[in-house]
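Inspection log for the structure reproduced underneath, given as structure tokens.
2 protein chains.
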Amino acid sequence: MNKPDWIGAEIDEARLRIWAMAGPTPVHAAETTLGGATPAATASTLGQAVIEALGTRLPGDRTLPVVACGLAPARGAAGFRPVPCTPLGDTLRPAPLRDLRLSLHLVPGLSQAQPTDAMLGAETRIAGFLARNPGWDGVLCLPGAQSRWVHLSAGEVVSFQTFLTGALTALLEGHSILRDSVSGWEDAAFVDGVRAGMERPERLAARLFTLHAEALIQGQPPAGGRARLSGLLIGAELAAAKPYWLGQRVAVLGAPSLAEQYARALADLAVPTSTCDDTEMTLAGLARARALIAPGPAPGTAH
Amino acid sequence: MNKPDWIGAEIDEARLRIWAMAGPTPVHAAETTLGGATPAATASTLGQAVIEALGTRLPGDRTLPVVACGLAPARGAAGFRPVPCTPLGDTLRPAPLRDLRLSLHLVPGLSQAQPTDAMLGAETRIAGFLARNPGWDGVLCLPGAQSRWVHLSAGEVVSFQTFLTGALTALLEGHSILRDSVSGWEDAAFVDGVRAGMERPERLAARLFTLHAEALIQGQPPAGGRARLSGLLIGAELAAAKPYWLGQRVAVLGAPSLAEQYARALADLAVPTSTCDDTEMTLAGLARARALIAPGPAPGTAH
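Going down the list, the protein sequences come from chains A and B.
If you want the working numbering, it's the 1-based position in the first sequence plus 78.
If you want the working numbering, it's the 1-based position in the second sequence plus 78.
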């Protein structure tokens, strides 16, 4: 196995993902949390988590760079680059770290003034997609806890819009009265939900309760309830994101099962799509970011 | 203090409320939970909770009737009466209880076939409202974790529609990334949210994220964020409930602060409203239901 020469990290609300990288190739992957990661998490918390996750895999004789994207430590307005701009820019932001085994470099997020919007992590996936598809112009859809629609042109993010769709779906499935009412996947229920959500998005809160009422009265969850719930929420998003997808070809970057839902919904609107795995794009983007680190002390001279 | 001669109870997802009643007057109130009340909670669980809550306030020499509405034990299709119908009907459903100190009588919920809908508890508040406002025809709005719009005519519930608005708002405020981004109440932000939610309900998930993006970029929560969040969700509901309120006078039955939000939003639409406290209506409705209990053994003969 190749020795790692740098480390990639992605932090979101749910988890911290860490990859020990040898050039462009991950040689070890780990997943942990920062204990409820927030933008206020400190650099040393992140450094400690990386050391705990990789332990003896770290070389003892030199400093490895950690390239981190997402909810990285000590954000604020300074942590964002305003669009239109390239997804990565020219420099990373070094963050102070006491441990000599690591140096920490943060990928800035992107911000948008009107309508106010922000991304922390998606810019890296977008950079990875562009690295794999040079010269690609068009629309990206990045579903997840937050889903983003991104207009790319000439290598720049021109505009984007973020929806809380995935987080809402998860809250309703896991923490609302619907938790016992929605289960089961049926493709027809999903497509029906998407159409209903697009056509009458104002009825969302009523249609959600309908799923519960059916379970109450019939004594069992309605067939395909989870598919319908997801469809209703994605449908409303698609109605709002129409300026992004109308007449376009859309590349969907996401976890395979969720990306498939968006591709299915877009197919119903006769929008051609391609899908690709978001982890692969994150790694490609982190590798691109790693190339931006200014040359430091030569290996072996850090101590 | 008058001795209680019956007990009223209301069970919802969050709590079990119990009142020791002397005729129409509450002489003691208690609040507890059924440990995650579900329609499957048993009658004996409810009986036990009442006994724990009232203890020595129960007379030792006779059986007190408990009139319970809401998520009462052992529901299912049999626990609902289909609309159109009066809110209470002619009989309660007795539930078996081993403890001789109590007899348990359940208020049936109401169901609607098209669109599928159900209420468990609201029918009692509606009955209370009608008891206080005999002959009242028109529209009721009952906000809460679930908000309901009800068309009343000639003493009957003609149709109704339930929205998950309040529960969604609470989930977003308490359990989403917005928990640190929304705080503060500003009336202007609320009205602005209502208008935005009504006009473009499909943008809900995007506008929710905007609140978070503002907090991320500015480093502090946007002014009146909680008011805007609530307004966005109520606005979408009002767009969908338009057939209920358009050209009508609306009575809003709810907890005072929430009822006030709905009244404020409806005032912005030039819809005249009156508000009344939902606990008062629940008690009036339970008293009405208590009168339906078939005469049982005379007091003192239960043992």
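Glycine included, every Cβ here is placed at the ideal spot set by N, Cα and C.
Whole angstroms is fine: what's the gap from A/ARG135's alpha carbon to A/ALA108's?
12 Å
CB contact below 8 Å: A/LEU288 versus chain B
According to the sequence provided, residue 288 of chain A is Thr. The question's Leu does not apply to it. Yes - at least one Cβ of chain B is within 8 Å of the one on A/THR288.
Just checking: is the beta-carbon of B/HIS253 within a distance shorter than 8 Å of some beta-carbon in chain A?
yes
Nonlocal neighbours in the same chain, by C-beta distance under 6 Å from A/PRO162, ignoring five residues either side:
GLU234 and VAL236
Just the Cα atoms here: how many angstroms apart are B/GLN126 and B/GLY297?
50 Å
Return the CA-CA distance between B/GLN239 and A/ARG285, expressed in angstroms with no decimal places.
10 Å
Name, going along the chain, the residues of the stretch 234-259 of chain B whose beta-carbon falls closer than 7 Å to a beta-carbon of chain A.
GLN239, THR240, PHE241, LEU242, THR243, ALA245, LEU246, LEU249, HIS253, SER254 and ILE255
Compute the beta-carbon to beta-carbon distance between A/PHE287 and B/GLN192, rounded to the nearest angstrom, for a pair I have assumed lies under 8 Å.
Not quite, the Cβ-Cβ distance comes to about 14 Å (not below 8 Å), so this is no contact.
Just to confirm the assignment, what range does the alpha helix (DSSP H) spanning B/ARG273 have?
265-277
Take A/ILE255 and list the residues in its own chain whose beta-carbon comes closer than 7 Å to its own, dropping the five residues that flank it on each side.
HIS290
Inspect the beta-carbon positions of B/ALA121 and B/LEU182 and report whether they are closer than 8 Å.
yes
Contact criterion: CB-CB distance below 8 Å. Does A/ALA343 meet it with respect to chain B?
no
Extent of the continuous beta strand (DSSP E) to which A/ILE371 belongs
No beta strand (DSSP E) contains A/ILE371, which DSSP labels as neither H nor E.
Could you round the C-beta distance between B/TYR340 and B/TRP227 to whole angstroms and report it? I think they count as a contact, below 8 Å.
Rounded, the Cβ-Cβ distance is 10 Å, inconsistent with contact.
Proximity winner among A/LYS81, A/LEU132 and A/ASP356, relative to A/ARG103 (alpha-carbon distances)
A small fix is needed here, since residue 103 of chain A is Thr in this sequence, not Arg. A/THR103 has its Cα closest to that of A/LYS81, out of A/LYS81, A/LEU132 and A/ASP356.
By the criterion of Cβ-Cβ separation under 8 Å, what are the contact partners of A/GLN298 in chain B?
In chain order: nothing, as chain B lies at least about 10 Å away.
Spatial neighbours of B/SER231 within its chain, please: CB distance less than 6 Å, with the 5 preceding and 5 following residues excluded, ordered by chain position.
ASP215
Could you list which residues in chain B have their beta carbon closer than 8 Å to that of A/PRO279, in chain order?
PRO279, GLU280, LEU282 and ALA314
By the criterion of Cβ-Cβ separation under 8 Å, what are the contact partners of B/THR400 in chain A?
Outside the shown range of chain B, which is 79 to 381, sits residue 400 of chain B, and nothing can be said about it.
Quick one: what does DSSP say B/ALA376 is sitting in, helix, strand or coil?
For B/ALA376, the pLDDT reaches just 44, beneath the cut-off of 50, and the residue's location in the model is therefore unreliable, although a value from the coordinates is still provided. Three-state DSSP puts B/ALA376 in coil, outside helix and strand.
Inter-residue spacing [alpha-carbon to alpha-carbon] between B/GLU251 and B/ARG257:
5 Å
Which same chain residues, not among the five before or five after A/PRO160, have their C-beta less than 6 Å away from its C-beta?
SER189
B/ARG273 versus A/GLU280: straight-line alpha-carbon distance, rounded:
13 Å
Is the stretch 297-312 of chain B in contact with the stretch 324-332 of chain B, if contact means three or more CB pairs nearer than 8 Å?
no
Compile a chain-ordered list of the residues in the stretch 189-220 of chain B whose CB is closer than 7 Å to at least one CB of chain A.
SER189, PRO193, THR194, ASP195 and ALA196
Using a Cβ cut-off of 8 Å (strictly closer), state whether A/PHE268 contacts chain B.
no
Using the rule of at least 16 other Cβ atoms within 10 Å of the residue's Cβ for burial, across every protein chain shown, is A/SER352 buried or exposed?
exposed
Report yes if the C-beta distance between A/THR169 and A/LEU370 is below 8 Å; otherwise report no.
yes
Touching by the beta-carbon criterion (3+ pairs, under 8 Å), the stretch 358-368 of chain A and the stretch 88-100 of chain B
no
Let's test the definition: count the other Cβ atoms within 10 Å of the Cβ of A/GLY148 and tell me whether it reaches 16, buried, or not, exposed.
buried
For B/THR176, count the other beta carbons within 10 Å of its own beta carbon; 16 or more makes it buried, fewer makes it exposed. Which is it?
Before going further, note that residue 176 of chain B is Arg rather than Thr in the sequence given. Classification for B/ARG176: exposed.
Chain B within 8 Å of A/GLN224, Cβ atoms only
yes
Whole angstroms is fine: what's the gap from A/LEU336's alpha carbon to A/GLY222's?
7 Å
What is the residue span of the alpha helix (DSSP H) that B/ASP177 lies within?
Here B/ASP177 belongs to no alpha helix (DSSP H), and DSSP marks it neither H nor E.
Can you tell me which of A/PHE207, A/THR111, A/GLY138 and A/ALA267 puts its alpha carbon nearest to the alpha carbon of A/ARG342?
A/ALA267
Same chain, Cβ closer than 6 Å to B/ALA205, neighbours up to 5 away in sequence not counted:
PRO165, LEU166, GLY363 and ARG366
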